[in-house]
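**Student:** Provided herewith is a single structure, encoded as C-alpha cells, for subsequent inquiry.
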C-alpha cells in the first residue's frame with residue numbers, strides 16, 4: 001500500500017514501507033525512475049520474506065510523488081531522501097542506491113553517517129550532472145542551456161529528457177568526487193561491464209576516491225545499466241545480507 005509523506009520542505013512523497021527488524025534497508029532509485037522498478041520491488045519482496053524493515057519511495061517529481069520532474073535537482077532529491085529516512089525509519093539503515101541513488105546515498109553518508117549501517121551501490125553515478133551531461137554538451141548546447149534555462153536531450157528510455165540550468169548548477173553544489181569522502185561502514189559497489197549509461201571507469205574512480213575500512217567493487221561481465229537479470233537481482237540482496245551480517249557481528 002502506498003502512503004504519503006509531507007516533508008519539511010513542503011514536498012509530498014509517495015512511499016511503501018515494510019515493518020521488520022533492523023537494521024532496515026532503504027532503496028534509493030535513479031534519475032527519472034520510481035519505486036515500482038524491478039530492483040526496488042525485488043528487494044522489498046526479499047525483505048518481507050526475511051522480516052527485514054524496508055523502505056522505498058519516489059523523489060519529488062518522480063512516480064507517484066508530487067511536483068514536476070523538471071523542477072527538481074540533486075539537492076531537492078537528497079533532501080527528500082533524508083526526510084524519508086528521518087521520518088520513516090529508526091536507527092542505522094543499509095542504503096541501496098541505484099545510479100543517481102548511488103550519488104544521493106553518498107550525500108546521505110556525508111551528512112548523517114550515524115544513520116548509515118552499510119551501503120550497496122548499483123551503477124553509482126556520483127556527479128553525473130557534471131561528468132555526464134555538462135561534459136557531454138557541445139558549446140552550442142551549453143550556450144542554449146545558460147540562455148534558455150533548459151535543453152532537451154534524447155533518451156533511449158522514452159521521450160526526450162529536459163535538462164535544466166538549475167539541475168546543472170545545483171549539481172555543482174553537491175559534488176562528492178571533488179573532496180575527501182570517508183565511509184566508515186561496509187560498502188559493496190556493483191557495476192555491469194556493458195553499462196552504456198554509467199561507464200565502468202566511474203565505479204573504479206569512486207572506489208579509488210573513497211576511504212573506509214571495508215569497501216569492495218564487484219564487476220559483472222555483460223550486465224547493462226538496468227542490472228535486472230536474475231543473476232544481477234540475486235546479487236543485490238546477497239550483498240545487503242552480507243553487510244547486515246557484517247554489522248551484526
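Residue numbers (the UniProt record's numbering): 1 to 249. Using N, Cα and C, we set each Cβ at its ideal position, and we do this for glycine too.
1) Please tell me whether residue 53 and residue 29 are closer than 9 Å, where the distance is taken between their beta carbons.
2) Quick check: what's the CA-CA separation for residue 67 versus residue 61?
3) I'd like to know whether the C-beta atoms of residue 95 and residue 105 end up nearer to each other than 9 Å.
4) Tell me where the alpha helix (DSSP H) around residue 235 begins and ends.
5) Taking the straight line between their C-alpha atoms, what separation do you get for residue 242 and residue 236?
6) Helix, strand or coil: which one does DSSP assign to residue 6?
7) Evaluate residue 79 with the Cβ neighbour count: other Cβ atoms within 10 Å of its Cβ, from every protein chain shown; 16 or more gives buried, anything less gives exposed.
8) Have a look at residue 39 and residue 135 and give me their C-alpha separation to the nearest angstrom.
9) Rounded to whole angstroms, what is the Cα-Cα separation between residue 44 and residue 19?
10) In chain order, which continuous runs of the beta strand (DSSP E) of length 3 or greater are located wholly inside the UniProt domain "Serine aminopeptidase S33" (41-129)?
11) Can you list, in chain order, the residues of its chain with a C-beta nearer than 8 Å to that of residue 21? Leave out the 5 residues immediately preceding and following it.
12) Can you list, in chain order, the residues of its chain with a C-beta nearer than 6 Å to that of residue 100? Leave out the 5 residues immediately preceding and following it.
13) Would you decide whether residue 174 is buried or exposed? Buried here means 16 or more other CB atoms lie within 10 Å of its CB.
14) What are the complete beta strand (DSSP E) segments, minimum 3 residues, inside the stretch 127-171?
15) Do the CB positions of residue 127 and residue 178 come within less than 9 Å of each other?
16) Look at the Cβ atom of residue 299, then the Cβ atom of residue 55, and state whether they are nearer than 9 Å.
17) Comparing alpha-carbon positions, which option in 228, 147, 77 and 244 lies nearest residue 171?
18) Tell me whether residue 115 is buried or exposed, calling it buried when 16 or more other Cβ atoms sit within 10 Å of its Cβ.
19) Should residue 201 go down as buried or exposed, given a rule of 16 or more other Cβ atoms within 10 Å for buried?
20) Only counting the same chain, and skipping five residues up and downstream in sequence, which positions put a Cβ closer than 8 Å to that of residue 15?
21) Kindly identify the DSSP beta-bridge partner or partners of residue 14.
22) Starting from the C-beta of residue 75, find all residues in its chain whose C-beta is less than 8 Å away, skip the five residues before and the five after it, and write them out in chain order.
23) Put residue 190 into one of helix, strand or coil per three-state DSSP.
24) Under the assumption that residue 238 contacts residue 195 (Cβ atoms under 8 Å), give the Cβ distance between them as a whole number of angstroms.
25) Classify residue 28 as helix, strand or coil using the three-state DSSP reduction.
26) When you compare only the Cα positions, how much space is there between residue 205 and residue 159?
27) Which one of 211, 176, 166 and 168 has the shortest CA to CA distance from residue 188?
**Tutor:** Short version:
1) Between residue 53 and residue 29, the C-beta gap is not smaller than 9 Å, which leaves the two residues out of contact.
2) A direct Cα-Cα distance of roughly 4 Å separates residue 67 from residue 61.
3) In terms of Cβ geometry, residue 95 and residue 105 form a close pair [threshold 9 Å].
4) For residue 235, the enclosing alpha helix (DSSP H) begins and ends at 230-248.
5) A direct Cα-to-Cα measurement between residue 242 and residue 236 gives close to 10 Å.
6) Strand, per DSSP.
7) Classification for residue 79: buried.
8) About 29 Å.
9) Each residue's alpha carbon lies about 11 Å from the other.
10) The UniProt domain "Serine aminopeptidase S33" (41-129) contains these whole beta strand (DSSP E) runs: 52-57, 93-98 and 116-122.
11) Counting only Cβ-Cβ distances below 8 Å, and skipping sequence neighbours, we find 51, 52 and 53.
12) If we look at residue 100 and ignore the five residues flanking it on each side, its Cβ neighbours are 30, 31 and 125.
13) Classification for residue 174: buried.
14) Listed in chain order, they are 150-155 and 158-164.
15) Going by C-beta atoms, residue 127 is nearer than 9 Å to residue 178.
16) The question about residue 299 has no answer, for the chain in this structure spans 1 to 249.
17) That would be 77, whose Cα lies nearest to the Cα of residue 171.
18) Looking at its Cβ environment, which holds 16 or more other Cβ atoms inside 10 Å, residue 115 is buried.
19) Per the 10 Å Cβ criterion, exposed.
20) Answer for residue 15: 2, 3, 4, 5, 35, 55, 56, 57, 58, 84 and 88, listed in chain order.
21) Paired residues: 4.
22) Its chain contains 170, 173 and 174 as the residues whose beta carbon lies nearer than 8 Å to that of residue 75, once the 5 sequence neighbours on both sides are disregarded; these appear in chain order.
23) Of the three classes helix, strand and coil, the one that applies to residue 190 here is strand, per DSSP.
24) Rounded, the Cβ-Cβ distance is 19 Å, inconsistent with contact.
25) It is a strand residue.
26) In this structure, the alpha-carbon of residue 205 lies about 31 Å from that of residue 159.
27) The shortest Cα separation from residue 188 among 211, 176, 166 and 168 belongs to 211.
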